[in-house]
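K.L.:
Position in the sequence shown (first residue = 1) + 50 = this note's numbering.
C-beta: ideal position from N, C-alpha, C; glycine also.
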Amino acid sequence: MTKRKSLPDSIYVELFRVTCTGQFPTVIIGSLFSMVAIILTAETRDFWIQLLAITGIFTCFVRAIYMLFYLRRLRVDLGNLPAVKRADRLYSAGSLFFALLLGLMGARTFVVASQSMQLLIIALLLGYAAGVVTRGFALYWVCTVSLCLASIPIILAIAWQGNAVYASLAVLLTVFLTGGLESIAYIYDNYVERIALQEKFTLLARNDELTGLFNRLALREGFELVVRDRSPGTLIGVHCLDLDRFKLVNDRFGHPVGDLLLKAVSQRLAHVLRTDDFAARLGGDEFIVIQSGIERAWQAERLAQRIIDAIVAPYSIEGHDIEIGTSIGIALACSHKDFADLDLDELIARADAALYEVKRSRKGTFMIGGDRCDPTPHQLRI
Numbered sequence: 051m052t053k054r055k056s057l058p059d060s061i062y063v064e065l066f067r068v069t070c071t072g073q074f075p076t077v078i079i080g081s082l083f084s085m086v087a088i089i090l091t092a093e094t095r096d097f098w099i100q101l102l103a104i105t106g107i108f109t110c111f112v113r114a115i116y117m118l119f120y121l122r123r124l125r126v127d128l129g130n131l132p133a134v135k136r137a138d139r140l141y142s143a144g145s146l147f148f149a150l151l152l153g154l155m156g157a158r159t160f161v162v163a164s165q166s167m168q169l170l171i172i173a174l175l176l177g178y179a180a181g182v183v184t185r186g187f188a189l190y191w192v193c194t195v196s197l198c199l200a201s202i203p204i205i206l207a208i209a210w211q212g213n214a215v216y217a218s219l220a221v222l223l224t225v226f227l228t229g230g231l232e233s234i235a236y237i238y239d240n241y242v243e244r245i246a247l248q249e250k251f252t253l254l255a256r257n258d259e260l261t262g263l264f265n266r267l268a269l270r271e272g273f274e275l276v277v278r279d280r281s282p283g284t285l286i287g288v289h290c291l292d293l294d295r296f297k298l299v300n301d302r303f304g305h306p307v308g309d310l311l312l313k314a315v316s317q318r319l320a321h322v323l324r325t326d327d328f329a330a331r332l333g334g335d336e337f338i339v340i341q342s343g344i345e346r347a348w349q350a351e352r353l354a355q356r357i358i359d360a361i362v363a364p365y366s367i368e369g370h371d372i373e374i375g376t377s378i379g380i381a382l383a384c385s386h387k388d389f390a391d392l393d394l395d396e397l398i399a400r401a402d403a404a405l406y407e408v409k410r411s412r413k414g415t416f417m418i419g420g421d422r423c424d425p426t427p428h429q430l431r432i
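(1) Let's test the definition: count the other Cβ atoms within 10 Å of the Cβ of Val86 and tell me whether it reaches 16, buried, or not, exposed.
(2) Alpha carbon to alpha carbon, how far is Ser156 from Ile204?
(3) Could you tell me which uninterrupted beta strand (DSSP E) segments, each at least 3 residues in length, are contained entirely in the region 267-303, listed from first to last along the chain?
(4) Counting along the chain, where does the alpha helix (DSSP H) carrying Arg356 start and finish?
(5) What did DSSP end up calling Phe416 once you bin it into helix, strand or coil?
(6) Is the region 394-407 touching the region 369-383, taking contact as three or more C-beta pairs under 8 Å?
(7) Per the contact definition of three or more C-beta pairs closer than 8 Å, is the region 278-290 in contact with the region 344-359?
(8) Residues in the same chain with beta-carbon distance under 7 Å from Ala217, minus the five sequence neighbours each way, listed in chain order, please.
(9) Hey, Ile115 and Ala103: beta-carbon distance below 8 Å or not?
(10) According to DSSP, is Gln211 part of a helix, a strand, or is it coil?
(11) Express the C-alpha separation of Thr228 and Ala235 in angstroms, rounding to a whole number.
(12) Could you tell me which of Ser196, Arg331 and Gly308 sits nearest to Gly262, measuring between CA atoms?
(13) From Phe119 to Pro75, what does the alpha carbon distance come to, in whole angstroms?
(14) Less than 7 Å between C-beta atoms, sequence neighbours within five positions excluded: which residues of the same chain meet that for Val161?
(15) I'd like to know whether the C-beta atoms of Thr91 and Gln100 end up nearer to each other than 8 Å.
(16) Taking C-beta to C-beta, are Gly343 and Ser411 nearer than 8 Å?
(17) Would you call Asp78 buried or exposed, if buried means 16 or more other Cβ atoms sit within 10 Å of its Cβ?
(18) Under the three-state reduction of DSSP, which class applies to Ala87: helix, strand or coil?
(19) Would the beta-carbon of Asp327 fall within 8 Å of that of Leu293?
(20) Using the three-state DSSP reduction, which class does Gly369 fall into: helix, strand or coil?
(21) In or out: Arg302 buried (at least 16 other Cβ within 10 Å) or exposed?
(22) Just grab the DSSP bridge partners of Ser377 for me.
(23) Have a look at Met417, Gln341 and Thr94 and flag the residue whose alpha-carbon is nearest the alpha-carbon of Val277.
(24) Quick check on Leu394: does DSSP put it in helix, strand or coil?
(25) Quick one, which of Ser84, Leu150 and Tyr406 has its alpha-carbon nearest Ser196's?
(26) What three-state label does DSSP hand Ala255 in the structure shown?
(27) Using the rule of at least 16 other Cβ atoms within 10 Å of the residue's Cβ for burial, across every protein chain shown, is Arg158 buried or exposed?
(28) Could you check where the beta strand (DSSP E) with Arg139 kicks off and where it finishes?
(29) May I have the straight-line CA-CA distance separating Pro58 from Val225, to the nearest angstrom?
(30) How close, in whole Å, do the beta carbons of Leu82 and Leu174 come, if the pair is a contact with beta carbons under 8 Å?
(31) Would you report the Cα separation of Ile443 and Gln165, rounded to the nearest angstrom?
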C-alpha cells in the first residue's frame, strides 16, 4: 500500500522501516484524541459523539499496542518481505479507520457542540495533519487518504454552518489540506530518490564498475557471511582464475574489445554459479569465486570444470570471433578446522599458488591446493 509508483522491494522495505519509527507520534495523537473525545462526550452527551469516541479510543489503544510491540519486533526482521507486507496492510487499515473516526467526530462536533469544543477539534485536526505529513509520508497512499478522511468531513460540516466566518474557515482548511497533500508528495518523492541514490552508491562501492561483479570490499563481506552462515560439516571453496590469451586479445583488438570480453566472461561466470555462490573481479582478468555449502572436494572440481567449459566457448564481439581459456586454482576450507580462524587472504594465496602451478604445467586445467582438506594437490585435465 506504499506505492505511488512501482518500487523495488529494498526501497519499499526502507519506507516501511521509517513507518516503524513512528511509535511516539502515534501514542501522542492517540492520547490527545482520547482526551478531546472524553471532553466532547461529557460536554455534549450526544449518542453519535459517544459512539465515535468509544470506538476511537479503543482504536487508539490497539494502534499503540501494535506500534509499540509488533512493529518494534518486526524492525529487526525487515528481510522477511511477506511479514512486512502483512504488517503494512494491518497498519494501513488501522490508520485509515482512525482518520475516518476523527473526521466523523469532528464533523459531528460542528453540528451539536459549542464553539469552544469546535476549537478543540480544529486544534486536534491540525496537530494530526502535521504528524501525518512529517512522519507518515513513507506510506504515501495511506498518508494522503488518511489526511482527506480526517479533513474533508470537518470542512464540509464547517461550510454547512452557512455564515461568512465559518465559510472562511472552511476555505482556510481546504487550502491547508491542498498544501499538506502537496507536501506529502514532495517529501515522499525526495525521500525515495535519496534512498535510490544511497543504494546506487552502495552498489558502486561494492561492485566492479566494468563487470558488475563484486569488488574486493564486497568479496570480503560476502566471505564473512558465508563463514558465519555455513552449515556444520560443509566446506568452503575459493577458486582463483585468470584468462588465458586475454593479453593477446587486448593487443590485437584493443582495450575496448577487451573490456567487452571481460563483461561477457563475467556474465557467463555468473550464469554457472548457484544463488549461494558469488564471483568477484580483483582487477584485470583476475577473478575469485566463493563456493559454499559443499561437502566433498569433487563438488569444487565440478564447478571449476563448468567454469572452464563456459569460458572457453567462442565469443563474437564487435564482429571479432574470439577464443580464450581459463586456468583455475582452488583452495578448500575444511569442516574439521576452526572456521573462526579462516583468513580469506590465506585462502586466496593458496588458490593463487595452485593457479600458478596450473599455468606453469598446463593451462586450461584446474588444481586443488592441499594445505587443509587434501594434502596432495591433484590436477584434472580437460
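P.N.:
Taking the geometry as given:
(1) Buried: at least 16 other Cβ atoms inside 10 Å.
(2) Looking at the sequence itself, residue 156 is Gly, so the reference to Ser does not match. Spanning the two alpha carbons is a distance of roughly 5 Å.
(3) If you keep only unbroken beta strand (DSSP E) runs of at least 3 residues inside the region 267-303, you get 285-294.
(4) In this chain, the alpha helix (DSSP H) harbouring Arg356 covers Ala347 to Val362.
(5) If DSSP states are grouped into helix, strand and coil, Phe416 belongs with the strands.
(6) Taking a contact to require three or more Cβ pairs closer than 8 Å, the region 394-407 and the region 369-383 qualify as touching.
(7) Enough Cβ pairs lie closer than 8 Å, so yes.
(8) The residues are Ala209.
(9) For Ile115 and Ala103, no; Cβs fall outside 8 Å.
(10) Residue state, collapsed to three classes: coil.
(11) Taking the straight line joining both Cα atoms gives about 11 Å.
(12) Nearest to Gly262 by alpha-carbon distance, out of Ser196, Arg331 and Gly308, is Arg331.
(13) Linking Phe119 to Pro75 through their CA atoms gives a straight-line distance of about 15 Å.
(14) So the list reads Ala207, once near-sequence residues are dropped.
(15) Cβ distance < 8 Å, so Thr91 and Gln100 count as in contact.
(16) Contact check for Gly343 against Ser411 fails: the beta carbons are separated by 8 Å or more.
(17) Per the sequence presented here, residue 78 reads as Ile, with Asp not at that position. By the 10 Å Cβ count, Ile78 comes out exposed.
(18) It is helical.
(19) It is not a contact, given that the beta carbons lie outside the stated cut-off.
(20) Shown here, Gly369 sits in coil according to DSSP, grouped into three states, outside any helix or strand.
(21) Exposed.
(22) The partner list for Ser377 (beta bridge, DSSP) reads Asp292.
(23) Nearest in C-alpha terms to Val277, of all of Met417, Gln341 and Thr94, is Gln341.
(24) Reduced to three states, the DSSP call for Leu394 is helix.
(25) If we check each option's Cα against that of Ser196, Leu150 comes out closest.
(26) Helix.
(27) It is buried - the Cβ of Arg158 has at least 16 other Cβ atoms within 10 Å.
(28) Counting along the chain, no beta strand (DSSP E) covers Arg139; the unbroken alpha helix (DSSP H) around it starts and ends at Leu131 to Val162.
(29) Approximately 34 Å between the Cα atoms of the pair.
(30) Between Leu82 and Leu174 a beta carbon distance of about 6 Å is seen, short of the 8 Å cut, so the two are scored as contacting.
(31) Residue 443 falls outside the range modelled here, since the chain spans only 51 to 432, and no answer is possible.
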